[in-house]
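Numbering (this note's numbering), first residue to last: 8 to 81.
Rendered as structure tokens:
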């Protein structure tokens, strides 16, 4: 495993260490985990957020139903 040097603000490091400690990790482990999640895994948070917004929307079609053809009509 290669070493990387990062330049971070002292207060960010302090907060990061506390955050990592609460999760039973080192700052190094936390950064490794977060970077791995960001790079290696598909980030579908935006999709989950879209579905949550759709679920929260109070849209009433008043019983109107559309066919597939009507929805895709140009």
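Note that CB positions come from ideal geometry on N, CA and C, so glycine has one too.
Do the CB positions of residue i and residue j come within less than 9 Å of each other?
{"i": "residue 34", "j": "residue 46", "result": "no"}
{"i": "residue 32", "j": "residue 40", "result": "yes"}
Hey, out of the options, whose CA is closest to residue i's CA?
{"i": "residue 13", "options": "38, 63, 26 and 27", "result": "38"}
{"i": "residue 15", "options": "9, 70 and 23", "result": "23"}
{"i": "residue 42", "options": "11, 61, 81 and 80", "result": "11"}
Among the residues of its own chain, which have a CB less than 8 Å from the CB of residue i, if the five just before and after it don't count?
{"i": "residue 27", "result": "33, 34, 36 and 37"}
Looking only at its chain, what residues have a beta carbon closer than 6 Å to the beta carbon of residue i, apart from the 5 residues adjacent to it on each side?
{"i": "residue 59", "result": "none"}
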